[in-house]
Amino acid sequence: DAKTTQPPSMDCAEGRAANLPCNHSTISGNEYVYWYRQIHSQGPQYIIHGLKNNETNEMASLIITEDRKSSTLILPHATLRDTAVYYCIVMRETSGSRLTFGEGTQLTVNP
Amino acid sequence: GAGVSQTPSNKVTEKGKYVELRCDPISGHTALYWYRQSLGQGPEFLIYFQGTGAADDSGLPNDRFFAVRPEGSVSTLKIQRTERGDSAVYLCASSQQGTGNTGELFFGEGSRLTVL
């Protein structure tokens with residue numbers, strides 16, 4: 284699975300959009316981009332995934348560049364409860380859902 | 829229950845002892861995963877079950893670690909002759925199926941193991 288690069292930490296003001304970047308320049312054609320988050324002392328939580336089209340669900344939006352070498356997770360109106368470590372993961376569709384977590388981005392939402 | 833359940837939530841043991849950690853997946857989920865997370869790091873894959881069989885155990889660090897899922901539901905992670913370096917949070921996850929575009933895993937809250 285391709286390697287991902289994320290900033291170690293980011294801050295965001297409550298109520299504002301949080302834009303979390305991820306680089307995956309070695310992604311191949313059959314690899315999906317997944318985002319998970321982990322709130323302190325809890326297990327990771329699935330957020331969203333995509334292949335090449337932008338995706339939106341009730342939690343977030345995922346924007347994938349046309350060349351698929353990077354993506355951005357957008358939390359449109361961040362709340363204090365969104366403070367967590369956010370993981371960007373690239374996974375082949377045939378890998379049996381074995382997720383390889385990096386160190387992620389610690390997002391802190393400030394009041 | 830509605831989610832993945834792991835017991836115990838906390839376990840303190842002494843170096844050299846044997847430990848079992850239990851995972852109760854979401855009902856009907858055929859795939860089950862064990863991960864280990866050390867402080868400040870992302871979760872690290874250990875083993876993946878599809879039904880009763882271990883489809884991928886390449887993440888188990890050595891032969892002191894073993895996991896079973898005899899009836900395709902509950903799984904037990906077993907650690908023999910524990911070492912201080914085994915101290916971590918052990919996470920279990922399950923999913924509807926383990927192949928194809930199914931990266932949506934449901935994680936439990938983990939079992940925190942401390943080896944003194």
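As given, the protein sequences belong to chains A and B, one line each in that order.
Here the first sequence is numbered in the numbering used here, starting from 284 and rising by one per residue.
Here the second sequence is numbered in the numbering used here, starting from 829 and rising by one per residue.
Backbone N, C-alpha and C define an ideal beta-carbon position, used for all residues, glycine too.
In this text, all values refer to a predicted model and were calculated from it rather than measured experimentally.
Subject >> Contact under 8 Å by Cβ, Ser855/B with Phe877/B >> reply: Here Ser855/B is not near Phe877/B, since their CB atoms are 8 Å or more apart.
Original post:
Is the beta carbon of Val368/A sitting closer than 8 Å to the one on Gly385/A?
Top reply: No. Outside cutoff.
Original post:
Which residue comes first and which comes last in the beta strand (DSSP E) that contains Asn306/A?
Top reply: Run containing Asn306/A: 301-306, per the beta strand (DSSP E) assignment.
**OP:** Taking C-beta pairs closer than 8 Å, name the residues in chain B that Gln289/A reaches, listed in chain order.
**Re:** What Gln289/A touches in chain B, judged by beta-carbon distance under 8 Å, is nothing: the nearest beta carbon there is about 10 Å away.
Original post:
Which ranges does the alpha helix (DSSP H) cover as unbroken runs of at least 4 residues, wholly within the region 847-920 of chain B, from first to last along the chain?
Top reply: DSSP runs (the alpha helix (DSSP H)) wholly in the region 847-920 of chain B: none.
Subject >> chain A contacts made by the region 859-879 of chain B, where a contact means CB separation under 7 Å >> reply: When C-beta distances to chain A are compared with 7 Å, the residues of the region 859-879 of chain B below that value are Ala859, Gln869, Gly870, Pro871, Phe873, Tyr876, in chain order.
Original post:
Opposite Gly333/A in the DSSP bridges: which residues?
Top reply: Note: Gly333/A sits in a beta bridge opposite Val316/A.
Subject >> Presumed contact (8 Å Cβ cut-off) between Arg940/B and Gly844/B, rounded CB distance >> reply: With 8 Å as the limit, Arg940/B and Gly844/B do not qualify as a contact, their Cβ atoms being about 19 Å apart.
**OP:** Using the Cα positions of Asp349/A and Leu390/A, report the straight-line distance between them to the nearest angstrom.
**Re:** The residue asked about is misnamed: residue 349/A is Glu in this sequence, not Asp. Their backbone Cα atoms lie some 26 Å apart in a straight line.
**OP:** Give the DSSP-derived three-state secondary structure of Asp365/A in the structure shown.
**Re:** Note: Asp365/A maps to helix in three-state DSSP.
Original post:
Can you find a heavy atom of the ligand HEM that lies under 7 Å from the Cβ of Phe873/B?
Top reply: No copy of the ligand HEM occurs in the structure displayed, which carries no ligand at all.
Subject >> Any C-beta of chain C under 8 Å from that of Leu905/B >> reply: You won't find chain C in this structure, because its protein chains are A and B.
Subject >> Three-pair Cβ contact test at 8 Å for the region 913-925 of chain B versus the region 858-865 of chain B >> reply: Yes: at least three Cβ pairs fall under 8 Å.
**OP:** Taking the CB atoms as reference points, tell me whether Leu303/A and Thr362/A lie closer together than 8 Å.
**Re:** No; because the gap between Cβ atoms is not below 8 Å, this pair is not in contact.
Original post:
Glu911/B and Gly887/B look like a contact to me (Cβ under 8 Å); what is the Cβ gap, rounded to whole Å?
Top reply: Wrong, their Cβ atoms sit about 17 Å apart, outside the cutoff.
Original post:
Going by alpha carbons, who is nearest to Ala285/A out of Ser324/A, Ser308/A, Thr366/A?
Top reply: For the set Ser324/A, Ser308/A, Thr366/A, the Cα lying nearest the Cα of Ala285/A is the one of Ser308/A.
Original post:
Do we get a CB-CB distance below 8 Å when we pair Leu849/B with the residues of chain A?
Top reply: Cβ-Cβ to chain A under 8 Å: no for Leu849/B.
Original post:
Looking at the unbroken beta strand (DSSP E) that takes in Lys839/B, where does it start and where does it end?
Top reply: DSSP places Lys839/B inside the beta strand (DSSP E), whose first and last residues are 838-841.
Original post:
Applying the criterion that 16 or more other CB atoms from any shown protein chain within 10 Å of the CB defines a buried residue, is Gln865/B buried or exposed?
Top reply: Burial call: buried.
Original post:
What is the DSSP secondary structure of Glu349/A, reduced to helix, strand or coil?
Top reply: In the structure shown, Glu349/A sits in coil (DSSP, three-state: anything other than H, G, I, E or B).
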